[in-house]
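In this note's numbering, the protein residues as written are 17 to 240. C-beta: ideal position from N, C-alpha, C; glycine also. Computed from a predicted model, the values in this text were never measured in an experiment. Have a look at the structure below, then the notes.
Written as structure tokens, this is what we have:
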């Protein structure tokens, strides 16, 4: 039966490549059931993750979140704390897209806690950025600023220029939301050379466009 599960997993992956997502989900689901029956939690988790990826690809977030909940139980059994933290992160991202902000924050905070305990500062910084963006999108700008200000010093210490620049542009965007255009321009100008240094061309171009808009707007002369 385990050989059959392996075959179903391979079939599912081929179906994904061909864009036959329903067939892929059916194959993965059958494989996961076999692995569950034969007490193979690691292989079951691998297949469930691939199912979740398909649901995310097809923007079917409800089933993806259900699978993430199952995965966290498996990762507890496997004592794979980092995988559990990543799953909390993925759940948070989906919930944030659905504007389920409080639930998203719960997952991001739990991911942050686990990554911090594991000594993973890069992932801790990423979670602070995620938390900040949830606060930003729920119009809690002071809390967003606080979160971004937690994130960028960690990225800077790790010499992750793109991560620092991401937080700078997040801060700039909040200043735009609050009509503080001079401050926004300053933060975008700080971000641009970091994106260029990191080779993040698309982000650098977007930042140049934002700078140009602010420089061409008479309101950029307005004080804070």
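Residue i to residue j span [Cα, whole Å]
i, j, result
"residue 239", "residue 126", "Low per-residue confidence applies at residue 239: pLDDT is 37, beneath 50, and the placement is therefore not dependable, though the value from the model is reported in the following sentence. Rounded to whole angstroms, residue 239 to residue 126 spans 39 Å at the Cα level."
"residue 25", "residue 94", "21 Å"
"residue 88", "residue 36", "27 Å"
"residue 182", "residue 31", "36 Å"
"residue 137", "residue 164", "14 Å"
"residue 150", "residue 108", "9 Å"
"residue 34", "residue 222", "33 Å"
"residue 85", "residue 103", "8 Å"
"residue 114", "residue 225", "28 Å"
"residue 44", "residue 231", "53 Å"
"residue 199", "residue 218", "23 Å"
"residue 215", "residue 207", "12 Å"
"residue 212", "residue 162", "26 Å"
"residue 201", "residue 168", "18 Å"
"residue 237", "residue 195", "Confidence at residue 237 is low in this model, with a pLDDT of 42, below 50, so its placement is unreliable and no value can be given for it."
"residue 53", "residue 106", "26 Å"
"residue 110", "residue 77", "7 Å"
"residue 178", "residue 210", "6 Å"
"residue 100", "residue 91", "6 Å"
"residue 20", "residue 47", "8 Å"
"residue 131", "residue 98", "7 Å"
"residue 243", "residue 22", "The structure shown has nothing for residue 243, since the chain only spans 17 to 240."
"residue 41", "residue 96", "25 Å"
"residue 203", "residue 71", "37 Å"
"residue 184", "residue 17", "53 Å"
"residue 68", "residue 133", "26 Å"
Residue i - DSSP class collapsed to helix/strand/coil
i, result
"residue 174", "coil"
"residue 225", "helix"
"residue 195", "coil"
"residue 75", "coil"
"residue 54", "coil"
"residue 96", "coil"
"residue 241", "An answer regarding residue 241 cannot be provided, because it is not within the stretch 17 to 240 covered by the chain."
"residue 28", "helix"
"residue 232", "coil"
"residue 17", "coil"
Where the alpha helix (DSSP H) through residue i begins and ends
i, result
"residue 114", "Element bounds for residue 114: n/a, residue is neither H nor E."
"residue 36", "Looking at the DSSP string, residue 36 is not in any alpha helix (DSSP H), and its letter there is neither H nor E."
Below-7 Å beta-carbon distance, residue i vs any chain D residue
i, result
"residue 200", "Note that chain D does not occur in the displayed structure, where there is just one protein chain."
Hey, which unbroken runs of the alpha helix (DSSP H) at 4 residues or more fall wholly within the region 129-166?
-> Qualifying alpha helix (DSSP H) stretches, in chain order: 137-153.
Is the region 103-123 in contact with the region 152-171, if contact means three or more CB pairs nearer than 8 Å?
-> The region 103-123, when compared against the region 152-171, does touch it at the 8 Å Cβ threshold.
Is it a yes or a no for the region 170-185 touching the region 137-147, going by three-plus beta-carbon pairs under 8 Å?
-> Output reads yes: the region 137-147 touches the region 170-185.
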